[in-house]
Amino acid sequence: MIKYLIEKEFKQISRNPFLPRLIMFYPLVVLLIFPWAATYEIRNINLCVVDNDHTTYSQQLTEKTVSSGYFKLTAFEPTYQQAMQQIASKRANVILEIPPHFERDLINRQSANVLIASNAVNGTVGGLSSEYMADIVTDFSSQIRHEWVQAGKEPPAVPTIDVVSQNRFNPFLNYKLFMIPAMMALVLTIMTGFLPALNIVSEKEAGTMEQINVTPVPKFTFIFSKLLSYWLIGFFVISVSFLIAWIVYGFVPVGHLSTMYAYAGIYILTVSGMGLVISNYSDTMQQALFVIFFFMIVLILLSGLFTPVNSMPEWAQWIAAFNPLKYFIQVMRSIYMKGSGFVDLIPQFFALVGFAVFFNLWAVISYRKSN
Amino acid sequence: MENLQHNETITQPKKVIEVNQLVKRFGHFTAVDHLSFEVEKGEIFGFLGANGAGKTTAMRMLCGLSKPTEGKGKVAGFDIEHQSEQVKKNIGYMSQKFSLYNDLKVWENIRLFAGIYGMNDNDIKEKTALLLEQLHFEKERNVLVKSLPLGMKQKLAFSVAIFHTPEVVFLDEPTGGVDPTTRRQFWELIYEAAEKGITVFVTTHYMDEAEYCNRVSIMVDGRIEALDSPHNLKTAFEAQNMDEVFQQLARKATRKAD
Chain V
1 MIKYLIEKEF KQISRNPFLP RLIMFYPLVV LLIFPWAATY EIRNINLCVV
51 DNDHTTYSQQ LTEKTVSSGY FKLTAFEPTY QQAMQQIASK RANVILEIPP
101 HFERDLINRQ SANVLIASNA VNGTVGGLSS EYMADIVTDF SSQIRHEWVQ
151 AGKEPPAVPT IDVVSQNRFN PFLNYKLFMI PAMMALVLTI MTGFLPALNI
201 VSEKEAGTME QINVTPVPKF TFIFSKLLSY WLIGFFVISV SFLIAWIVYG
251 FVPVGHLSTM YAYAGIYILT VSGMGLVISN YSDTMQQALF VIFFFMIVLI
301 LLSGLFTPVN SMPEWAQWIA AFNPLKYFIQ VMRSIYMKGS GFVDLIPQFF
351 ALVGFAVFFN LWAVISYRKS N
Chain X
372 MENLQHNETI TQPKKVIEVN QLVKRFGHFT AVDHLSFEVE KGEIFGFLGA
422 NGAGKTTAMR MLCGLSKPTE GKGKVAGFDI EHQSEQVKKN IGYMSQKFSL
472 YNDLKVWENI RLFAGIYGMN DNDIKEKTAL LLEQLHFEKE RNVLVKSLPL
522 GMKQKLAFSV AIFHTPEVVF LDEPTGGVDP TTRRQFWELI YEAAEKGITV
572 FVTTHYMDEA EYCNRVSIMV DGRIEALDSP HNLKTAFEAQ NMDEVFQQLA
622 RKATRKAD
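Chains V and X, in that order, are what the protein sequence lines are. In terms of my numbering, the first sequence opens at residue 1 and continues consecutively. In terms of my numbering, the second sequence opens at residue 372 and continues consecutively.
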């Protein structure tokens, strides 16, 4: 009996004008475009310099700033007020003001001040650009001190400590390596959670659901035939994603593929359960889409996909604790980057299994009630 | 064989549908109010009533789609409340809304529903060829159902509903919006099915169709107000045709049509 139902699902999916393309192109777009766009690195910050000193050192500082690659010099302004206008008109993001007597103070007093003002409308950009700027200035001062020591002009005033940091698991801080496993989790959520939910609601809307309900097909079998089809699609899509990550980015998971497939299997059960719950409470596609849209945003923003869950306020972390996507993203990142094995991911395992049981039980209970 | 079965029906008429004091309530609203009737094997039973009289609700209970609030019902010998899965194996259903799969081809729809009722691939193939020939649908075999004209769709839906030769077939306004010629052809299909021993339970708003039925019941406000052959009903209500019978009864309705 189920053979005929699965045959039907695949015929319908292949004839749908939209679904086969979505299944093929969605992972492609998500994995080829998003990792480049969703970058944490901030570059090409527009810089406006107010140089009140006009000396060799002030010019050297400006040059050093521009050559760092983070900043793009867009204007020289004579005064700070005029520089602020550059910021107001969005032509500049950061102002570097070098005060008069910068070189003289530096030589005579061995210390000088500069002013860094950054536009913090976007807090991340503002914070990062002043941080970059501060780094450059610190670097500049130690460079000068080094020159003086070599020239025998001055002994180093303060003993300096060099901090060497070592980045484990992602040595070059490649944000793509960080984003791609999470993107795969996102693709899987849509393919195996929300697509089957929409499919079920569309049969309700068309009335074919009722036609099937008067046949001897048990409701469970009917729903299962749909889920199974989308599970197969889900595994296909995630395999394609692994291939893309390898061919395009050269990323191969450090851990075992089998661990990844096992966790993907549990996660698929979880999200399809969630999708079923949504489909049970929705009578029309429109209704289902709104609910899905709402959940999608909550799931993504509270998953640690873009912003780390640990830096959220505590109440938000509590909400995030009920987000299955968060756990699956952790799993994907850990296996891909750290090579975590099953034992390392036991907490996530129990969380995901718990969600799977919870959502599927809820789906079964709410399904009975709707009849 | 056919003769023998025929004799059997004459000697001891088999009840295919038995309904006793069936009630369905939605909150305080009683959609179906103590319904009792019987339908015999091979009968064409017309189930009439104004919109909102409770026909569809009653039919949905008989098909095992919804549970009765009170009362008993048996379809094809199985209890509608406790053996609904057995009931479903022995009935066909054609809903008001066209509900074959629009994005499947004609043969694929037949194959799907036949497969669901447990027929094997070979039987399905043979019987599909036969059916398409009978309906003169050979050319449409590979056409997507959504591009068929309405009349053809309804004929196909009916044929799919009786493809597995059920005991009873439930037809919920099968000819709504269909042209007179196709309606006639449709009733020919119904007669053919009845001759094969399939009991037909049909709702309709066309009074000329009511005349084609062996027996007709007329529902008003959730209750059956009249049940007899069209001939006897016309005599009893001193009416020229079924339309007059219906008008006299429907006038009593206090419930608003939906």
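Even for Gly, the Cβ is constructed at its ideal location relative to N, Cα and C.
Spatial distance of residue i from residue j (CA atoms)
i: residue 518(X); j: residue 337(V); result: 52 Å
i: residue 598(X); j: residue 615(X); result: 15 Å
i: residue 330(V); j: residue 188(V); result: 14 Å
i: residue 258(V); j: residue 314(V); result: 34 Å
i: residue 354(V); j: residue 573(X); result: 49 Å
i: residue 210(V); j: residue 425(X); result: 18 Å
i: residue 563(X); j: residue 621(X); result: 31 Å
i: residue 401(X); j: residue 440(X); result: 10 Å
i: residue 87(V); j: residue 51(V); result: 16 Å
i: residue 311(V); j: residue 72(V); result: 30 Å
i: residue 305(V); j: residue 247(V); result: 23 Å
i: residue 510(X); j: residue 523(X); result: 12 Å
i: residue 225(V); j: residue 447(X); result: 29 Å
i: residue 488(X); j: residue 174(V); result: 57 Å
i: residue 428(X); j: residue 548(X); result: 22 Å
i: residue 98(V); j: residue 115(V); result: 7 Å
i: residue 344(V); j: residue 39(V); result: 28 Å
i: residue 486(X); j: residue 575(X); result: 30 Å
i: residue 286(V); j: residue 207(V); result: 16 Å
i: residue 390(X); j: residue 601(X); result: 21 Å
i: residue 364(V); j: residue 423(X); result: 32 Å
i: residue 581(X); j: residue 527(X); result: 22 Å
i: residue 127(V); j: residue 80(V); result: 20 Å
i: residue 393(V); j: residue 5(V); result: It is not possible to answer for residue 393(V), since the shown part of chain V is limited to 1 through 371.
i: residue 106(V); j: residue 170(V); result: 39 Å
i: residue 120(V); j: residue 94(V); result: 9 Å
i: residue 111(V); j: residue 129(V); result: 23 Å
i: residue 290(V); j: residue 298(V); result: 13 Å
i: residue 140(V); j: residue 308(V); result: 32 Å
i: residue 283(V); j: residue 464(X); result: 22 Å
i: residue 483(X); j: residue 236(V); result: 25 Å
i: residue 11(V); j: residue 320(V); result: 38 Å
Own chain, CB closer than 6 Å to residue i, minus 5 neighbours either side, in chain order
i: residue 292(V); result: 194
i: residue 49(V); result: 62, 76, 96
i: residue 610(X); result: 616
i: residue 125(V); result: 42
i: residue 32(V); result: none
i: residue 318(V); result: none
i: residue 300(V); result: none
8 Å contact criterion, which residue i and residue j should meet: CB distance rounded
i: residue 481(X); j: residue 537(X); result: Not really, about 15 Å apart at Cβ, beyond 8 Å.
i: residue 214(V); j: residue 506(X); result: That pair is no contact at about 22 Å.
i: residue 296(V); j: residue 23(V); result: 18 Å between Cβ atoms; not a contact.
i: residue 541(X); j: residue 406(X); result: Wrong, their Cβ atoms sit about 15 Å apart, outside the cutoff.
i: residue 514(X); j: residue 477(X); result: 6 Å
i: residue 589(X); j: residue 444(X); result: Residue 589(X) to residue 444(X), Cβ: 19 Å. No contact.
i: residue 184(V); j: residue 238(V); result: 6 Å
Contact set for residue i: own chain, Cβ-Cβ below 8 Å, skip 5 residues either direction
i: residue 366(V); result: 277, 280, 281
i: residue 20(V); result: 13, 14
i: residue 266(V); result: 349, 352, 353, 356
i: residue 412(X); result: 380, 384, 385, 386, 387, 538, 568, 570
i: residue 7(V); result: none
i: residue 74(V); result: 46, 47, 48, 86, 91, 92
Own chain, CB closer than 7 Å to residue i, minus 5 neighbours either side, in chain order
i: residue 362(V); result: 277
i: residue 227(V); result: 196, 272
i: residue 1(V); result: 217, 221
Proximal residues of chain A, C-beta to C-beta of residue i below 9 Å
i: residue 207(V); result: Absence of chain A from the displayed structure is noted, the protein chains being V and X.
Distance cut-off 7 Å: residue i Cβ against heavy atoms of the ligand ZN
i: residue 467(X); result: Because no ligand of any kind appears in the structure shown, any question about the ligand ZN cannot be addressed here.
Count the C-beta pairs between the segment 195–207 of chain V and the segment 468–486 of chain X that are closer than 8 Å, then say yes if the count reaches three, no if not.
yes
Of all the alpha helix (DSSP H) runs that stay within the bounds of the segment 64–89 of chain V, which reach a length of 4 or more residues?
The qualifying runs are 80–88.
Check whether the segment 58–73 of chain V and the segment 129–136 of chain V are in contact - that is, three or more C-beta pairs closer than 8 Å.
Pairwise C-beta distances place the segment 58–73 of chain V in contact with the segment 129–136 of chain V, as three or more of them are shorter than 8 Å.
Are three or more beta carbon pairs between the segment 393–403 of chain X and the segment 454–471 of chain X nearer than 8 Å?
Judged by Cβ distances under 8 Å, the segment 393–403 of chain X makes no contact with the segment 454–471 of chain X, as fewer than three pairs qualify.
Any contact of the segment 319–327 of chain V with the segment 345–353 of chain V, i.e. 3+ C-beta pairs under 8 Å?
yes
Taking the runs of the beta strand (DSSP E) that are 3 residues or longer, which of them lie wholly in the segment 480–552 of chain X?
Fully enclosed beta strand (DSSP E) runs of 3 or longer: 539–543.
Please list the segments of the alpha helix (DSSP H) lying wholly inside the segment 102–182 of chain V, counting only runs of 4 or more residues, in order along the chain.
Secondary structure in the segment 102–182 of chain V: the alpha helix (DSSP H) runs of 4 residues or longer, each lying completely within the stretch, are 102–109, 123–151 in chain order.
Only counting runs of 4 or more residues, tell me where the alpha helix (DSSP H) segments fall wholly within the segment 565–609 of chain X, in order along the chain.
578–583, 601–607
Quick check for students: name the residue ranges of the alpha helix (DSSP H) that lie wholly in the segment 176–255 of chain V, counting only runs of 4 or more.
195–206, 208–213, 219–249
Where in the segment 308–344 of chain V do unbroken runs of the alpha helix (DSSP H), each at least 4 residues long, occur, reported from the N-terminal end onward?
314–320, 324–333
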